[in-house]
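Enquirer: Below is one structure. I have some questions about it.
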Amino acid sequence: MNELRALPGVRQVEGVRSVPVRFRSENRSLLTSIEGLPPGGELRRPIDAQLRRIDLPEDGLVLNDYLAARLGVGVGDRVWVEVLEGRRAKLQLPVARLVREHVGLQAYMNLDALNRALGDGDVISGTLMTVDDGAEPAVFRELDRRPRIIGSASRLASVEALYRSIAQMTGLFMWISIVMGAIINFGVVYNSARIALAERGRELASLRVLGFTQGEVSYILLGELALLVLVSIPLSFAVGYGLSWYLASNLQSDLYRVPMHIAPSAYAFAALTTVISAILSALAVRERIYRLDLIGVLKTRE
Numbered sequence: 000m001n002e003l004r005a006l007p008g009v010r011q012v013e014g015v016r017s018v019p020v021r022f023r024s025e026n027r028s029l030l031t032s033i034e035g036l037p038p039g040g041e042l043r044r045p046i047d048a049q050l051r052r053i054d055l056p057e058d059g060l061v062l063n064d065y066l067a068a069r070l071g072v073g074v075g076d077r078v079w080v081e082v083l084e085g086r087r088a089k090l091q092l093p094v095a096r097l098v099r100e101h102v103g104l105q106a107y108m109n110l111d112a113l114n115r116a117l118g119d120g121d122v123i124s125g126t127l128m129t130v131d132d133g134a135e136p137a138v139f140r141e142l143d144r145r146p147r148i149i150g151s152a153s154r155l156a157s158v159e160a161l162y163r164s165i166a167q168m169t170g171l172f173m174w175i176s177i178v179m180g181a182i183i184n185f186g187v188v189y190n191s192a193r194i195a196l197a198e199r200g201r202e203l204a205s206l207r208v209l210g211f212t213q214g215e216v217s218y219i220l221l222g223e224l225a226l227l228v229l230v231s232i233p234l235s236f237a238v239g240y241g242l243s244w245y246l247a248s249n250l251q252s253d254l255y256r257v258p259m260h261i262a263p264s265a266y267a268f269a270a271l272t273t274v275i276s277a278i279l280s281a282l283a284v285r286e287r288i289y290r291l292d293l294i295g296v297l298k299t300r301e
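Going by numbering that gives the first Met the number 0, the first residue of the sequence shown is number 0, and it counts up by one from there.
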């Protein structure tokens, strides 16, 4: 760590240790790792649901909520830990705290307490570093020259690549969903209007003969459909929320969990798409109302 601190451009270095383990509790067992973090460290800290930093206790494990639920343990319980490296020690450690996370099956521990429990002395398996702006390429070149360093990566580059991948995937899926939803909505409203026009063509033609204008006749038919569309929008919000909750709850896995969050703008965008497609359907039906054959409809026998 002192050697890394001496590199030009490096501002801060913190050592961490990752230990592969198997947790056991009663008849449950899971393979994961314990991440040992330095006390008072600033570059890596677990956070709670409100994005507040969690201070690691001097002794004991900090488990994320999903891992604790899979093991069936809570704060104050003790779990068996089988270390899968070195002397493969078997320990029984207390659960000191739980933290809510959406990625992985993480377990944390004070680095000094972890090394003390394993009896290995001061051991680290990796470091976290901050470097000056523009110094990153030179630091990477220096790290590549050191055979004791297996690999290195930039957190900023990883985060940007993740955001770029998510944006590409969700952007394409969003537009496909919008187009399909608009087409389905257009078809439903258009077919409903066509059916209503076919069933009530004689009445509408009679109103035209009695002196009603084309706009007034269109208002009678399309006004009812507009009311149904407006009533259906809040109901669709409830159904959409339930469907989203169902999908999010079924996407939970050891790799990641999808938190349920729908922005208010999503409701507004969905309602706008529905209204626009319904208006296009109404315009298509209105042209048929304008071309209504009054004499032919009135001659039709019931």
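By construction, the Cβ of each residue, glycine as well, lies at the ideal position given by its N, Cα and C atoms.
Quick one: which unbroken beta strand (DSSP E) runs of 3-plus residues sit fully inside the region 66-131? Chain order, please.
Expert: Whole beta strand (DSSP E) segments, 3+ residues: 77-82, 89-98, 105-109, 125-130.
Enquirer: Is residue 63 helix, strand or coil when you go by DSSP?
Expert: Residue 63: strand per DSSP, three-state reduction.
Enquirer: Quick check on the burial criterion: 16 or more other C-beta atoms within 10 angstroms. Buried or exposed for residue 249?
Expert: Burial call: exposed.
Enquirer: Round the Cβ separation of residue 32 and residue 18 to the nearest angstrom and send it over; I've been treating them as touching at under 8 angstroms.
Expert: At roughly 6 angstroms, the Cβ-Cβ gap stays under 8 angstroms, so residue 32 and residue 18 are in contact.
Enquirer: Do you know how far the Cα of residue 26 is from the Cα of residue 139?
Expert: Going from the Cα of residue 139 to the Cα of residue 26 covers about 45 angstroms.
Enquirer: Short of 7 angstroms in beta carbon distance, which residues of its chain neighbour residue 70, apart from the five on each side in sequence? Order them along the chain.
Expert: Cβ within range, chain order: 22, 24, 27, 29, 78.
Enquirer: Can you grab the Cα-Cα spacing for the pair residue 53 / residue 168, in whole Å?
Expert: Looking at the two C-alpha atoms, the distance is approximately 33 angstroms.
Enquirer: Given that a residue counts as buried once 16 or more other Cβ atoms are within 10 Å of its Cβ, and exposed if not, what is residue 45?
Expert: Under this definition residue 45 is a buried residue.
Enquirer: Who are the near neighbours of residue 281 in its chain, counting only those whose CB is closer than 6 angstroms to its CB and skipping five residues on each side?
Expert: Same-chain partners within the cutoff: 221.
Enquirer: Which whole-angstrom value describes the C-beta separation of residue 116 and residue 90, a residue pair presumed to lie in contact below a C-beta threshold of 8 angstroms?
Expert: Indeed they touch by this definition, with Cβ atoms about 6 angstroms apart.
Enquirer: In the region 18-68, which residue ranges form an unbroken beta strand (DSSP E) of at least 3 residues, counting only runs that do not cross its ends?
Expert: Complete beta strand (DSSP E) runs here, min 3: 27-36, 60-63.
Enquirer: Since residue 155 contacts residue 148 with CB under 8 angstroms, what's their CB separation in whole angstroms?
Expert: In fact, because the Cβ distance is near 19 angstroms, the residues do not count as touching under 8 angstroms.
Enquirer: When the distance is taken between beta carbons, is residue 66 closer than 8 angstroms to residue 105?
Expert: For residue 105 and residue 66, yes; Cβs fall inside 8 angstroms.
Enquirer: Who are the Cβ neighbours of residue 151 in its own chain at under 7 angstroms, not counting the five residues just before and after it?
Expert: The residues are 139, 142.
Enquirer: Determine the DSSP secondary structure at residue 12, reduced to helix, strand or coil.
Expert: Here residue 12 sits in strand by DSSP.
Enquirer: If you follow the alpha helix (DSSP H) that residue 268 is in, where does it begin and where does it stop?
Expert: Note, residue 268: alpha helix (DSSP H), 263-289.
Enquirer: I need the boundaries of the alpha helix (DSSP H) containing residue 154, first residue and last residue.
Expert: First-last of the alpha helix (DSSP H) with residue 154: 154-198.
Enquirer: My understanding is that residue 259 touches residue 243, with C-beta atoms under 8 angstroms, so please give their C-beta distance in whole angstroms.
Expert: Contact holds; Cβ gap of about 7 angstroms.
Enquirer: Is the Cβ of residue 149 closer than 8 angstroms to any Cβ of chain B?
Expert: The structure shown has no chain B; it contains just one protein chain.
Enquirer: Between 6, 286, 164, 278, which has its C-alpha nearest residue 216's C-alpha?
Expert: Residue 286 is the option with its Cα nearest to residue 216.
Enquirer: So, is residue 68 buried or exposed, given that buried needs 16 or more other C-beta atoms within 10 angstroms?
Expert: Label assigned to residue 68: exposed.
Enquirer: In whole angstroms, what separates the C-alpha of residue 193 from that of residue 261?
Expert: Answer to the nearest angstrom: the Cα atoms are 35 angstroms apart.
Enquirer: Tell whether a beta-carbon distance below 8 angstroms holds between residue 110 and residue 35.
Expert: In this structure, residue 35 lies closer than 8 angstroms to residue 110 by Cβ.
Enquirer: Roughly how many whole angstroms lie between the Cα atoms of residue 72 and residue 0?
Expert: The alpha-carbon atoms of residue 72 and residue 0 are separated by roughly 36 angstroms.
Enquirer: Please list the terminal residues of the continuous alpha helix (DSSP H) segment that includes residue 302.
Expert: Past the edges of the chain, shown from 0 to 301, lies residue 302, and the structure says nothing about it.
Enquirer: Hey, out of 276, 256, 41, 241, whose CA is closest to residue 225's CA?
Expert: It is 276.
Enquirer: In terms of residues, what are the limits of the alpha helix (DSSP H) holding residue 230?
Expert: Residue 230 -> alpha helix (DSSP H) spans 213-249.
Enquirer: Whole angstroms are fine: how far does the CA of residue 214 sit from the CA of residue 199?
Expert: Rounded to the nearest angstrom, the two C-alpha atoms are 16 angstroms apart.
Enquirer: Suppose contacts are defined by Cβ-Cβ distances below 8 angstroms. Is residue 20 in contact with residue 57 by that definition?
Expert: Not in contact: residue 20 and residue 57 (Cβ atoms no closer than 8 angstroms).
Enquirer: Measure from the alpha carbon of residue 87 to the alpha carbon of each residue in 119, 263, 5, 60, then state which is nearest.
Expert: With distances taken between Cα atoms, residue 87 lies closest to 119.
Enquirer: Near residue 48, which residues of its chain fall below 7 angstroms by C-beta distance, leaving aside the five closest residues on each side in sequence?
Expert: Once the five neighbours on either side are set aside, the close Cβ partners of residue 48 are 99.
Enquirer: What's the C-alpha gap between residue 5 and residue 12?
Expert: Their backbone Cα atoms lie some 10 angstroms apart in a straight line.
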